[in-house]
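Asks: Questions regarding the structure given below will be posed in turn.
4 protein chains.
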Amino acid sequence: MSKLKEKRRSQILIASLQAIADKGFHSLTLQDIADYAGVSKGVTNYHFKNKEDVLRHLLEWITDKIYEKEYNAIQKETTAIGKLTAYVNAAFSTPAENKRFFRVYIDFLGQVRHNSHFKDINDKFYENCWRIGNEIVTLGQEEGIFPEMDKQKASISIRALIDGCLIQWLMREQDELHEYYKEICLETLKSSLMNQNIVSQ
Amino acid sequence: MSKLKEKRRSQILIASLQAIADKGFHSLTLQDIADYAGVSKGVTNYHFKNKEDVLRHLLEWITDKIYEKEYNAIQKETTAIGKLTAYVNAAFSTPAENKRFFRVYIDFLGQVRHNSHFKDINDKFYENCWRIGNEIVTLGQEEGIFPEMDKQKASISIRALIDGCLIQWLMREQDELHEYYKEICLETLKSSLMNQNIVSQ
Amino acid sequence: MSKLKEKRRSQILIASLQAIADKGFHSLTLQDIADYAGVSKGVTNYHFKNKEDVLRHLLEWITDKIYEKEYNAIQKETTAIGKLTAYVNAAFSTPAENKRFFRVYIDFLGQVRHNSHFKDINDKFYENCWRIGNEIVTLGQEEGIFPEMDKQKASISIRALIDGCLIQWLMREQDELHEYYKEICLETLKSSLMNQNIVSQ
Amino acid sequence: MSKLKEKRRSQILIASLQAIADKGFHSLTLQDIADYAGVSKGVTNYHFKNKEDVLRHLLEWITDKIYEKEYNAIQKETTAIGKLTAYVNAAFSTPAENKRFFRVYIDFLGQVRHNSHFKDINDKFYENCWRIGNEIVTLGQEEGIFPEMDKQKASISIRALIDGCLIQWLMREQDELHEYYKEICLETLKSSLMNQNIVSQ
DNA sequence: GATGAATGAGACTTCATTCAT
DNA sequence: TATGAATGAAGTCTCATTCAT
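Chains as they are written, first to last, in my numbering: chain A, 920 to 1120; chain B, 920 to 1120; chain C, 920 to 1120; chain D, 920 to 1120.
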């Protein structure tokens, strides 16, 4: 595929993301995409097979982008706590960015059961997230600050809490609570991961 | 409102829930509702202002029902751990029931930002959930098994983890992981709530 | 299906036939059908599954109607020549009616290879036509005016000549040649069926 | 017009014929033509005024080609029966070739009434066909094996039967009946042309 | 000469809502 | 109360044609 074509596709994806962020996933029309991209109505169908194809690529793009940012963030840290903190900070970037991406992501989650492509992309995203969790937990155990535990379970719970907190924050529509929810997320993660007693259960 | 009228409305809500559970929130048509309710197409508009009005009442109904079940579950227990376990068990009832309600709930979450009624109903649901969390945490502290902590924060994180785990489980579409995710949820909650050290942070 | 519904479907088929007769098969739009039927745009999709479904029923309707008319015509005659003449007269009814039906029929023939339903309907029409041919040939042999011959072959050639003549007449777009082509058709049929010599070949 | 230009136009016509043969007249797109010709999408509009212009030239090309083949075939024979047989043999060349050309031809017939250019081309084709018929009938009368008859009528009926048989064969989509229909066509023609009795009518 | 990205008219279809019965 | 036929707005998608490169 040519550079130009690739650029157009990217432009359409960005336009779609912005349009969805503004108007919502399910009211997104091809006309919206065209308007946001500043092109004509037929352009989306020219560059993508159909609307679903746009959305599929968009989901892939945003999950990749989220993962990438989070992965890069933890690479800059050398301690388990540092990485954990960086992970949560990256996940809770800013209210604007979280809204921009997470609103769209929630709509995708609602479509996962109707679209196996969406499911596959989300499954891949989960696996990437768990890998981050696993890296943090492994390091924490090497450092001796995390007790023995099932790493897969821990990784799952880390991502579940991050998503759960972000969704709850998003639903409340109070930007000023962003910092508060970030704290709750990080504290709860530290607390659960560093607990020496409960582990034996 | 007459008994009959009330019964018809309830019948329509149940039909809508089942129709959404089968076909999805966004492909739900008034014809679907009529078909599932075994009535004619005009009946929904006769008993509700419009489609949105049906959905609003449906969201209210399912969040009330979820809360009620969870509230009743913890009332049967007398210890903090008992109540916490009962809460998680009630939230993770069965794969079938979780899918039935949570799929619909996720779709509603996607609409919260476009519909202030949905937001209000969800806010009320969160408050109910936090009240359950608060009750558990308060009892645990009285029992001396939970350390001092910010009860509101704890309540928020409890619900966030439950939702986060249920959503992640739902997205993976593997019914057999239901028990596994329930364990993860409960263990993580216990671990984070009972941690003596981290609390002081 | 209710009487009313049946009537509406019939109304739509008639409107479609007239619209195609005026505008052509391939430029027929659902809007045309609605306009000709004097109803709104959505009505066709309400009474038929889709446009193709309308066309399928239309083809069935016109082939049935043509066959019926031809069949009834030959039943009124008692001799082979009388029946043959009646058959050709019925097939060549009037320029207006021939145009009305045959133009549409030719367009359907072009679609037979893309639509197995159309093929099935046309196959049934051919069988009905051959049955008429067979009846005429059988009677003619009983009367002793037609020699021994393969009845199936004769039936096939009778219909082929009728269609071939009508199509050629239609393509020339000279209404005044209608009677001329009818004569050609009938004379050729008589000539070929009554030939005593060639039979032995 | 340059050689190269002429070659390109021919290449596009052949590509169009094949594309129509495969995909059908009415689903033919300029993209199809480009794909079949192995050139880019704009090329057709470069060498022809528009799509209709391509089709017009295509119709001219195939009717000329059919006529030419049939004409050449009868020139090789010296007797009326020989020429008649050669004519039918040429018309019923092979199942593959008949499908290739006749499917396209039927679709053109459906368009004749919407396009006077198509009508003119088809009229010319008919005249060519009648000329062949006339030649055969004239020779047969000279040979004394055909009785006196209206040559124009005979020529018309010859072509009508050939087209009628080919169309009926084509619609049934059973390649193995090709020989059978050819026989029917030839036998019926002989029978009708050689009949001594009926002529006087 | 040739390309193919872009345009935008227009087709089919769906479906919430209305309203006569 | 209840029905379901009818409406028509709005969406997706196709594709002939144009035109800058």
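Backbone N, C-alpha and C fix where the C-beta goes; we use that ideal spot for every residue, glycine too.
Computed from a predicted model, the values in this text were never measured in an experiment.
Among residues of its own chain, excluding the 5 on either side of residue 1097 of chain D, which ones have a beta-carbon nearer than 6 Å to its beta-carbon?
Replies: 1014
Asks: Residue 1099 of chain A and residue 1051 of chain A look like a contact to me (Cβ under 8 Å); what is the Cβ gap, rounded to whole Å?
Replies: Not quite, the Cβ-Cβ distance comes to about 23 Å (not below 8 Å), so this is no contact.
Asks: What residues of chain C sit near residue 928 of chain D, judged by a beta carbon separation below 7 Å?
Replies: Under the 7 Å cutoff, chain C gives no residues; its nearest Cβ is about 25 Å from residue 928 of chain D.
Asks: With H, G and I counted as helix, E and B as strand and the rest as coil, what does DSSP make of residue 1034 of chain D?
Replies: coil
Asks: Mind checking whether residue 1010 of chain C and residue 1084 of chain D have CB atoms under 8 Å apart?
Replies: no
Asks: With distance defined between alpha-carbon atoms, name the residue in B:947, B:1049, B:991 nearest to residue 1087 of chain A.
Replies: B:1049
Asks: Please report the straight-line C-alpha distance between residue 1111 of chain B and residue 998 of chain B, rounded to a whole angstrom.
Replies: 17 Å
Asks: Classify residue 1033 of chain D as buried or exposed, calling it buried when 16 or more other Cβ atoms lie within 10 Å of its own Cβ.
Replies: exposed
Asks: Could you name the residues of the same chain whose beta carbon sits closer than 7 Å to that of residue 990 of chain B, not counting the 5 residues immediately before and after it, in chain order?
Replies: Answer for residue 990 of chain B: 1051, listed in chain order.
Asks: Using the beta-carbon count (16 or more within 10 Å), is residue 1029 of chain C buried or exposed?
Replies: Answer is buried; the Cβ neighbour count reaches 16.
Asks: Taking residue 1107 of chain D as the query, report the chain C residues whose CB atoms sit under 7 Å from its CB, ordered along the chain.
Replies: Contact note: residue 1107 of chain D reaches chain C through 1076, 1111, using a C-beta cutoff of 7 Å and chain order.
Asks: Please classify residue 1082 of chain A: does DSSP put it in a helix, a strand, or coil?
Replies: Three-state DSSP puts residue 1082 of chain A in a helix.
Asks: Starting from residue 960 of chain B, trace the alpha helix (DSSP H) both ways and give me its first and last residue.
Replies: It is not in any alpha helix (DSSP H) - residue 960 of chain B carries neither H nor E in the DSSP assignment.
Asks: In the structure shown, what three-state DSSP assignment does residue 1020 of chain B receive?
Replies: helix
Asks: Do residue 963 of chain D and residue 952 of chain D have their C-beta atoms within less than 8 Å of each other?
Replies: yes
Asks: Do you know whose CA, among B:1055, B:1025, B:1054, B:1113, lies nearest residue 1041 of chain B's CA?
Replies: B:1025
Asks: Of all the options B:1077, B:966, B:950, B:930, which has the alpha carbon lying nearest to the alpha carbon of residue 1002 of chain B?
Replies: B:1077
Asks: Does DSSP put residue 1114 of chain B in a helix, in a strand, or in coil?
Replies: Correct three-state label for residue 1114 of chain B: coil.
Asks: Would the beta-carbon of residue 1031 of chain A fall within 8 Å of that of residue 1090 of chain B?
Replies: yes
Asks: Between the alpha carbons of residue 1119 of chain A and residue 988 of chain A, how many angstroms are there, rounded?
Replies: Per-residue confidence for residue 1119 of chain A stands at a pLDDT of 38, beneath the threshold of 50, marking its modelled position as unreliable; the derived number appears in the next sentence. If I take the Cα positions, the gap works out to 34 Å.
Asks: At the level of alpha carbons, what is the spacing between residue 1107 of chain D and residue 1047 of chain D?
Replies: 21 Å
Asks: DSSP state of residue 1064 of chain B, grouped into three classes?
Replies: coil
Asks: Could you check if residue 935 of chain A is buried or exposed, using at least 16 other CB atoms within 10 Å of its CB as the buried criterion?
Replies: buried
Asks: With DSSP run on the structure shown, which of helix, strand or coil describes residue 1092 of chain D?
Replies: Coil, per DSSP.
Asks: Output yes or no for whether 8 Å exceeds the beta carbon distance between residue 1027 of chain A and residue 1037 of chain A.
Replies: yes
Asks: Nearest by alpha-carbon distance to residue 985 of chain D: which of D:960, D:1058, D:1018, D:1062 is it?
Replies: D:1018
Asks: For the alpha helix (DSSP H) that contains residue 979 of chain C, what are its first and last residues?
Replies: 970-994
Asks: Taking the straight line between their C-alpha atoms, what separation do you get for residue 1064 of chain D and residue 974 of chain D?
Replies: 42 Å
Asks: Listing by chain order, which chain C residues have their CB less than 8 Å from the CB of residue 991 of chain D?
Replies: Result: empty, since nearest Cβ-Cβ is about 23 Å, beyond 8 Å.
Asks: How is the alpha helix (DSSP H) around residue 1001 of chain D delimited, first residue to last?
Replies: 999-1010
Asks: Give the interface partners of residue 1065 of chain A over in chain B, defined as CB-CB distance under 8 Å, in chain order.
Replies: The premise fails here: residue 1065 of chain A is roughly 11 Å from chain B at the closest Cβ pair, so nothing lies under 8 Å.
Asks: Out of curiosity, what's the CA-to-CA distance linking residue 1044 of chain D and residue 983 of chain D?
Replies: 7 Å
Asks: Shortest alpha-carbon distance to residue 977 of chain C belongs to which of C:1000, C:939, C:1008, C:1067?
Replies: C:939
Asks: Considering only the alpha carbon of each residue, which of C:1101, C:1074, C:924, C:1023 lies closest to residue 946 of chain C?
Replies: The candidate whose alpha carbon is nearest that of residue 946 of chain C is C:1023.
Asks: Using a Cβ-Cβ cut-off of 8 Å, state whether residue 951 of chain B counts as contacting chain A.
Replies: no
Asks: Is DSSP giving residue 947 of chain B helix, strand or coil here?
Replies: coil
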